[in-house]
Amino acid sequence: MLTGASFGIGEALARELARHRAQLALTARTAERLEALAAEFRTAATEVAVIPGDITNPEDRARILAETVRLFGGLDVLVNNAGVGASGFFQEASSERLRRIMEVNFFGPVELTRLALPHLFQGRRSMIVNIASVIGRRGVPGYSEYCASKFALCGFSESLRAELVRRGVHVLLVNPGLIETPFREHLVEDRLQSREKRRRAMSAEQCARIIVRAMQRRTNEVVITFDGKMLVWLNRLFPRLVDWLLAKYAEKYQE
Ligand SMILES: NC(=O)c1ccc[n+]([C@@H]2O[C@H](COP(=O)([O-])OP(=O)(O)OC[C@H]3O[C@@H](n4cnc5c(N)ncnc54)[C@H](OP(=O)(O)O)[C@@H]3O)[C@@H](O)[C@H]2O)c1
Numbered sequence: 002m003l004t005g006a007s008f009g010i011g012e013a014l015a016r017e018l019a020r021h022r023a024q025l026a027l028t029a030r031t032a033e034r035l036e037a038l039a040a041e042f043r044t045a046a047t048e049v050a051v052i053p054g055d056i057t058n059p060e061d062r063a064r065i066l067a068e069t070v071r072l073f074g075g076l077d078v079l080v081n082n083a084g085v086g087a088s089g090f091f092q093e094a095s096s097e098r099l100r101r102i103m104e105v106n107f108f109g110p111v112e113l114t115r116l117a118l119p120h121l122f123q124g125r126r127s128m129i130v131n132i133a134s135v136i137g138r139r140g141v142p143g144y145s146e147y148c149a150s151k152f153a154l155c156g157f158s159e160s161l162r163a164e165l166v167r168r169g170v171h172v173l174l175v176n177p178g179l180i181e182t183p184f185r186e187h188l189v190e191d192r193l194q195s196r197e198k199r200r201r202a203m204s205a206e207q208c209a210r211i212i213v214r215a216m217q218r219r220t221n222e223v224v225i226t227f228d229g230k231m232l233v234w235l236n237r238l239f240p241r242l243v244d245w246l247l248a249k250y251a252e253k254y255q256e
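In case it helps, my numbering puts the sequence shown at residues 2 to 256.
Here you go:
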C-alpha cells in the first residue's frame, strides 16, 4: 500500500513499483488522479486498486487498510509517503499549522502502521517504508513544524525497526533532499518559500528508483540527493558551523 500516490514522489514511486510488477493499493484524497495513474499500468500482470481517503481521518485509515487486505488477501509493504509542509518562522505561525502538519506527517502514518502491523506479520518479506526528509535529521529555519514532524518520524522508524527485527518486518527510512514535485504548491502556509531562491532538485523519477533499490536491498536508511547528504554529513562533523550558516540564512529573511 502506498500513501500520497496522487502527486510527486508517490506518483513516481507507483510507476516504478508497477514496473517491478508489484500489486499496488494506491491512496490519497484526489481520487481522479489516482484513477488516471492506475489506468496507465493496470494490466493482467499488474493489479492496481485505488482507495481514496484522508490519512488524518481514523475511519478512512481503517477503511483503506481493510479494503487493501480484502482485495489482495493481505499486506506485504506499507509505504508512508503522504506529507505536507509549511514555510515561515515559528513565532509568526499558528498552533493550527503545527497540529495540521503533525496530523499528516506523523500521527497519520504512525496510526496507519499500528493498524497494518497484524497484517504485515502475516506477509512475505514484509516492510514499512517511511518517507521522512533530510531536514528530519537536521533542523533548518523557516520549517520548524515540518522538521519536528520528520524528526518524530525518524525516531519512530528507528525504534520500530529494532522492535520488529525478530518479527521479520523491516523498516526502511527514506530521507530525501530537494525533489522536483508540487510540494511547494501544496504547502499549508507559505510565508517564506516563495521568497527563496530556487535550488537544484532531483527528479521524482530518479528519487523513486533510489527508493525501490533501497527496498530491494532492505537498507535501513537512505539519504537522497548530493546536497541532502552534504547537509547530514556536515552537521555530523561540524554542527556548530551548520548552526552558524543556518542562522546567517535565517537573518537574511528577517531583515
Ligand atoms: N519534494 C521534496 O523536496 C521532499 C523532500 C523531502 C521529503 N519529502 C517528503 O516526500 C513525501 C512526498 O512529498 P512530495 O514532494 O511528493 O509532495 P506532493 O507532491 O505535495 O505530494 C504529497 C502527497 O501527499 C498526499 N496527501 C497530503 N495530505 C494528505 C492527506 N491528508 N491524506 C492523504 N494524502 C495526503 C497528497 O495527495 P492528495 O492531496 O491527493 O491527498 C499527495 O499525493 C512527503 O512526505 C514529503 O514530506 C519531499
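Positions of the beta carbon are idealized from the N, C-alpha and C atoms, including for glycine.
Keep in mind that this is a model prediction, so the values were computed, not measured.
According to DSSP, V172 shares a beta bridge with I129. With respect to A205, T182 sits close: the two C-beta atoms are nearer than 7 angstroms. Around the CB of F227, fewer than 16 other CB atoms lie within 10 Å, so the residue is classed as exposed.
Contact between the region 155-166 and the region 44-60 is absent, with fewer than three C-beta pairs closer than 8 angstroms.
Residue burial is scored here from C-beta neighbours: E41 has fewer than 16 other C-beta atoms within 10 angstroms and is therefore classed as exposed. One Cα belongs to L72, the other to I65, and the distance between them is close to 11 angstroms. For L27, the enclosing beta strand (DSSP E) begins and ends at 25-28. D191 is a Cβ neighbour of S88, given a cutoff of 7 angstroms.
When DSSP assignments are scanned along the region 72-138, the uninterrupted stretches of alpha helix (DSSP H) that are 4 or more residues long and fall wholly within it turn out to be 96-103, 109-123. Less than 7 angstroms separates the beta-carbon of I129 from that of L79. The C-beta of F8 has 16 or more other C-beta atoms within 10 Å across all chains shown, which makes the residue buried.
Between G229 and V166, the CB-CB gap reaches or exceeds 7 angstroms.
In this structure, V105 sits near T57, with a CB-CB distance shorter than 7 angstroms. With respect to the 7 angstroms criterion, M2 and A37 are not classified as neighbours on the basis of their beta carbons. Relative to ligand 1, H120 has its C-beta separated by 6 angstroms or more from all heavy atoms. Residue side-chain check: V85 places its Cβ nearer than 6 angstroms to a non-hydrogen atom of ligand 1.
Of the residues assessed, E93 falls on the exposed side of the cut-off, its CB having fewer than 16 other CB atoms within 10 angstroms. Nearest in C-alpha terms to Q217, of all of G11, E17, G5, is E17. In terms of Cα proximity to R201, the closest of L179, A15, I211 is L179. A straight-line Cα-Cα distance of about 13 angstroms links E97 and Y147.
Nearest to A133 by C-alpha distance, out of L76, D77, V189, N221, is N221. For V243, the three-state secondary structure derived from DSSP is helix. By the criterion of a C-beta distance shorter than 7 angstroms, V224 is surrounded in its chain by V135, N176, K230, V233, once the five residues flanking it on both sides are discounted. Non-local beta-carbon contacts of R196 in its own chain, meaning distances under 6 angstroms to residues more than five positions away in sequence, are absent.
Secondary structure of S145 (DSSP, three-state): helix.
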